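Each residue of the sequence shown is one higher than the last, beginning at 3 in our numbering. We put the CB at the ideal spot given by N, CA and C, even for glycine. In this text the structure is predicted, and so the values were computed from the model without any measurement.
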Amino acid sequence: MVTSDEVLTLLLALEHTKLNVDFCISALDSVSDGSYSIREPRDKAERAEWLQELTSKLPELRLRPVIEFDEETLEALDLVTDYDTLDQHFTVVALLQVPRMVARWWKLQPLRVVLLPNEKVTSYLRQATTCYLHGLPTAAAVLCRAVLEFALDEALASKGGVSLPSSRTDPKDRLKNLINWARSTRLLTDTLRDKAHSVRNRGNSAVHDGSCTETAALALIKDTGEILRHVYGRPARRAG
Numbered sequence: 003m004v005t006s007d008e009v010l011t012l013l014l015a016l017e018h019t020k021l022n023v024d025f026c027i028s029a030l031d032s033v034s035d036g037s038y039s040i041r042e043p044r045d046k047a048e049r050a051e052w053l054q055e056l057t058s059k060l061p062e063l064r065l066r067p068v069i070e071f072d073e074e075t076l077e078a079l080d081l082v083t084d085y086d087t088l089d090q091h092f093t094v095v096a097l098l099q100v101p102r103m104v105a106r107w108w109k110l111q112p113l114r115v116v117l118l119p120n121e122k123v124t125s126y127l128r129q130a131t132t133c134y135l136h137g138l139p140t141a142a143a144v145l146c147r148a149v150l151e152f153a154l155d156e157a158l159a160s161k162g163g164v165s166l167p168s169s170r171t172d173p174k175d176r177l178k179n180l181i182n183w184a185r186s187t188r189l190l191t192d193t194l195r196d197k198a199h200s201v202r203n204r205g206n207s208a209v210h211d212g213s214c215t216e217t218a219a220l221a222l223i224k225d226t227g228e229i230l231r232h233v234y235g236r237p238a239r240r241a242g
């Protein structure tokens, strides 16, 4: 198998040199296990045709094309209604993202995740991780905050609920009070309480300021996972 960078280079080289994709495919021979190999030319005439085609493109194939998606390109795409053109564009966009996604995934590898009984909490945590992998740290921070609030709500409810009078409690302070209540009931340790407040504060900043770095988002996912493991008391396993 080839890497995303190699696939992207090939696609851009084909586009840059105007080398016919059908011609390249015709030179491949499918085998029973789904893999491909270069088939032999059918005759001397076809061999000569292949050599002529490849020789004419060889100098250009040595060039590594560079593609940029500036504002003008994106505006032009808004006017495109052809499905194949959009498909080609987003294929390249997706391939450009793969190396960075792999790098983020490796950073997640040392982390441990927990099997959670609450489907909503599990869904939010999964979405937070997915946002981080796709380079959306701000969304990951907001979702980590949501995960924390749902988890503490559920855990405190199992202990008889929590009294937060609506007439005296600002909605924006609700999670703050949940965290402090969780500490007073010994659901959280001092260390985890501090980490929970960090998740809350960074989540609030992400909502209001719309910014969060990848490093901060990774730390939030790590801290949120640690809190959830403690709250639910479940064994951890390696992510993925």
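Inset, instruction - Grab the span of the alpha helix (DSSP H) containing N120 for me, first residue to last. - result: Segment: none, N120 is in no alpha helix (DSSP H) and carries neither H nor E.
Inset, instruction - Look at the alpha carbon of A153 and the alpha carbon of P139, and state the distance between them as a whole number of angstroms. - result: Rounded to whole angstroms, A153 to P139 spans 21 Å at the Cα level.
Legend entry - S168 classed as buried or exposed, judged by whether at least 16 other C-beta atoms fall within 10 angstroms: Model confidence at S168 stands at a pLDDT of 48, short of 50, so the residue's coordinates are unreliable and nothing is read from them.
Legend entry - Anticipated Cβ contact below 8 Å, Y126 with L110, distance rounded: No, Y126 and L110 are not in contact; Cβ-Cβ is about 16 Å, not under 8 Å.
Legend entry - Distance between A148 and K161 (C-alpha atoms, nearest Å): 20 Å
Legend entry - Identity of the residue in T215, R188, L189 and H199 nearest D175 by Cα: H199
Legend entry - Close Cβ partners of L177 (< 6 Å) along its chain, the five nearest in sequence each way excluded: E151 and R202
Legend entry - Same chain, Cβ closer than 8 Å to D89, five either side skipped, listed in chain order: Residues of the same chain with a CB within less than 8 Å of the CB of D89, apart from the 5 flanking positions on each side, do not exist.
Legend entry - Spatial distance of W183 from G212 (CA atoms): 28 Å
Inset, instruction - Give the secondary structure of T140 by DSSP, where H, G and I count as helix, E and B as strand, and everything else as coil. - result: helix
Inset, instruction - Select from L13, V9, M103 and Y85 the residue whose C-alpha is nearest the C-alpha of T131. - result: M103
Legend entry - Boundaries of the alpha helix (DSSP H) in which R44 is found, first to last residue: Run containing R44: none; DSSP gives neither H nor E here.
Inset, instruction - Let me know if K46 comes out buried or exposed under the rule of 16 or more other beta-carbons within 10 Å of its beta-carbon. - result: exposed
Legend entry - R185: first and last residue of the uninterrupted alpha helix (DSSP H) it sits in: Counting along the chain, the unbroken alpha helix (DSSP H) around R185 starts and ends at R176 to S186.
Legend entry - Backbone CA spacing between L222 and A143 [nearest angstrom]: 7 Å
Inset, instruction - Pull up the distance between the alpha-carbon of L98 and that of F92, whole angstroms please. - result: 10 Å
Inset, instruction - Just confirm the distance between the C-beta atoms of A157 and V209, as a whole number of angstroms; I'd bet it's less than 8 Å. - result: Not quite, the Cβ-Cβ distance comes to about 23 Å (not below 8 Å), so this is no contact.
Inset, instruction - Hey, could you find the ends of the alpha helix (DSSP H) T215 is sitting in? - result: First-last for T215: undefined, no H or E at that position.
Inset, instruction - Spatial neighbours of W107 within its chain, please: CB distance less than 7 Å, with the 5 preceding and 5 following residues excluded, ordered by chain position. - result: Only L135 meet the Cβ criterion.
Inset, instruction - Would you check if the distance between the CB atom of D249 and the CB atom of K197 is smaller than 7 Å? - result: In the structure as shown, the chain begins at 3 and stops at 242. Residue 249 is therefore absent and cannot be evaluated.
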